[in-house]
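Quick notes on the structure that follows.
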Amino acid sequence: MIVQGVAIVVALVWSLAPVYWMVATSFKTELEAARLDPTLWPHAATSENYRNLWGGSLPFASFFANTAIACLATAVLAVAIATPAAYALSRGGFRLRGAVGHAILLFRMLPLVVLLAPLYLLLLHARLLDSSVGLVVGFTTFGLPFAVWMLKTFIDAVPIEVEEAARIDGYPRWQILARVVVPLILPGLVTTGTFVFMEAWNNLIYPLTFVTTLEKQTLPAALVLTFTGQFKTDWGGMMAAATLTTLPLMIAFFAVQRSLIRGLTSGAVAGA
Amino acid sequence: MASICLRHVQKRYDDVHALSDCNLDIANHEFMVLVGPSGSGKTTLLRIIAGLEHVTSGELRFDGARVDDVDVADRDIAMVFQNYGLYPHMSVYDNMAFGLRRRKMAAAEIERHVRRTAKMLDIESLLHRRPRQLSGGQRQRVALGRAIVRDPAVFLLDEPLSNLDAHLRVQMRAEILKVHRAVTATAVYVTHDQVEALTMGDRIAVMNEGRIHQVGTPGELYDAPVDQFVASFIGTPAMGFIACRVHRSPESVELSTGSVRVRLGDAHANALRRSDADTAIVGIRPERLTVASEREALTAEVAVRGTVEAVEMFGAEQYVHVRTDGGSITARVSRDRPIRVDETLTLAASARDLHLFDHATRAALR
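Sequence lines, in order, name chains D and F. Per my numbering, residue 534 is the first one in the first sequence, and the count goes up by one each step. Per my numbering, residue 2 is the first one in the second sequence, and the count goes up by one each step.
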């Protein structure tokens, strides 16, 4: 019991300490944040860093909007493409179903950076570099395999009799998907979309590579590009921006955490 | 309303023969029951009729026209699934209206159909509810309603009562028969429960290991089973069997084991003469056996002597399981005579109540 308690405390401190440090630093003055003997909490708490974000010279609101639009579009696009794909993998009677499914999963195993060069070339030729559309294409490429597999587990859980009843009622496949399956996996669609959204939101390397104009950047990339300078780093400002960057993710995660866990474990237990 | 005809229907999944050479004719408005143990192929056969599975070879006809390649949607069938298969996200009303909407029926017409069917099944008060808000029996009624609201030509039921408790099952059996009488559809009903089959079917097809063993009225199956499988599957408690050696001489045919003495009737004797079986299996229905005294056994046409293995109490009567040297046999007898386990018991029966089967082929000897 004691060992378990200690383990939980260690895990909590381990994972929450950086978050605490981020939030605490965001309320410190520039001087306090840069001290060589760091303070555990802000001695003279200030909201200056947050005020500077909105009123300062940097287009923070644009960064926020760029990220939100690109990530939302990615989530919607990935779910829209993944749903029929997952349905085909779950219910399709085609010969290479297993192989195709595993190929998609294999694609997911590739490190993010491996796709960077080919994606860059594709976007270059499609004239989509330095644009939101290009970013959405990049994010979706990486998010799609996961979305397909996650949605497949939700579709697998829909009783086949329900679909067969709709076939007997006279509906063609695509209408069964739209009118019977999609309403039944709605929590799965939201969960998958949220997961893809969070993953895109956290993506640093794609915006840094595909977007060259600062005004078009996403939040994580802007954090790196704007708050670190050659001679000084504005730690307080960076942490305030990081806190605001993290906030939508935390809200999104808490909104869907239950169905996210169910989605990730469904199929593991009979009747789950 | 449609007649259904299956000719030489085979279904294979890779190396597994799910159905082998199935032939079946189902008449217009008939209530046909497919009965058999799990894995016998009855549900596969039903799904082939529905169009949810395709035949590997053979023909399926509705009213004489080939439908093997006709899509499910165009077969004019309705189906009730074992797990109901209701649309969980729709109200009872929408569940029933879903198929009618596909047929582009006017909303007022749909409402008239749904309400009429709901009234027939006594589910009018449930129309606004979702399936999860219904009990098992209510869900079953809704599933029935959804099937009959479309007035299909063929009405398929896949073990529809297996998820209900015993009391509700009896009630729903009567309900389904009432519904079948009220509609014009031909019904095909799958069950593993032979009591359901005997009480509901106009005719019954008994299946095992992908083959149809016998098709007939409940009475025909009970009185004249074509093989040992049908004999053992139909009837509760099941028919008992005792293996006996066959002795043929120019003058007579006799069956013998140490524990069984049979005075064969002419029909059975002739059947044994016609066959070349060395061993025959004697089958006797439990209710045809009576407990006999030593004196009564001497004059009985069939006398079986054995040791009581178990006694099951069923209110006014008891099932007595008796072990003989040729196999075990069950007798359904009155509780007037107390019977103890391990006691030696003599049972008697009339020769005309015997069923004889070839030991090698298991086919009835007639």
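For each residue, glycine too, the CB sits at the ideal point set by N, CA and C.
For A79/F, the neighbours in chain D by C-beta distance under 7 Å run, in chain order, I701. Put simply, the CB of L165/F is far from chain D, with every gap to its CB atoms at 8 Å or more. Note on H214/F: 16 or more other CB atoms within 10 angstroms of its CB, so buried under the neighbour-count rule. It is roughly 45 Å from the alpha-carbon of A167/F to the alpha-carbon of A615/D. From the beta-carbon of L717/D, the residues of chain F found nearer than 9 Å are Y88, P89, H90. Apart from the 5 residues on each side of it in sequence, R641/D sits with its Cβ closer than 6 Å to the Cβ of P678, F679 in its chain, given in chain order. Contact annotation: V150/F and T118/F have beta-carbon atoms nearer than 8 Å.
For the pair of segments examined, the segment 565–576 of chain D was found not to touch the segment 589–604 of chain D: the number of CB pairs separated by less than 8 Å stays below three. Within chain D, the residues whose beta carbon sits less than 7 Å from that of V73/F are R700, I701, listed in sequence order. Contacts between F82/F and chain D, judged by CB atoms closer than 8 Å, involve E694, E697, A698 in chain order. For M33/F, there is no enclosing alpha helix (DSSP H); the residue is found in the beta strand (DSSP E) stretching over 32–36. Across the structure, I709/D and F99/F are spaced so that their CA atoms are roughly 11 Å apart. With contacts defined as CB atoms closer than 8 Å, R289/F and D354/F qualify as a contacting pair.
The way I'd put it, the segment 290–308 of chain F does touch the segment 348–366 of chain F; three or more beta-carbon pairs between them come closer than 8 Å. The beta carbon of V647/D does not come within 8 Å of any beta carbon belonging to chain F, so the residue lies off that interface. At a cut-off of 8 Å between beta-carbon atoms, F99/F makes contact with chain D. Here F358/F really is in contact with Q229/F; their C-beta atoms are around 4 Å apart, less than 8 Å. The C-beta of K120/F has fewer than 16 other C-beta atoms within 10 Å across all chains shown, which makes the residue exposed. In the DSSP assignment, M314/F forms a beta bridge with Q319/F. Look at the beta carbons and you see the segment 764–781 of chain D not touching the segment 20–29 of chain F: under three pairs across the two are nearer than 8 Å. For G202/F against P219/F, the beta-carbon gap comes to about 6 Å, under 8 Å, which counts as contact. Listed along the chain, the chain F residues whose CB falls inside 7 Å of the CB of V713/D are Y88. Contact between S665/D and A603/D is confirmed by a C-beta separation of about 5 Å, below the 8 Å threshold. Taking 9 Å as the cut-off between beta carbons, the residues of the segment 50–74 of chain F near chain D are A51, G52, L53, D72, V73, A74, in sequence order.
Between the segment 131–146 of chain F and the segment 170–183 of chain F, the count of C-beta pairs closer than 8 Å reaches three or more; the two stretches touch. Contact between V34/F and M208/F fails: their C-beta atoms lie close to 10 Å from each other, not under 8 Å. Counting only residues of its own chain and dropping the five nearest sequence neighbours on each side, L717/D has a CB closer than 7 Å to the CB of V691. Only residues of its own chain outside the window of five on either side were considered, and among them L127, L128, R130, V143 have a CB closer than 6 Å to the CB of V93/F, listed in chain order.
Approximately 7 Å separates the beta-carbon atoms of V261/F and T325/F; this is inside 8 Å, confirming the contact. C-alpha of Q11/F to C-alpha of L53/F: approximately 15 Å in a straight line.
Look at Y14/F here: in three-state DSSP terms it is strand.
Nothing from the segment 117–148 of chain F brings a Cβ to less than 7 Å from some Cβ of chain D. Boundaries of the alpha helix (DSSP H) around T724/D: 719–735.
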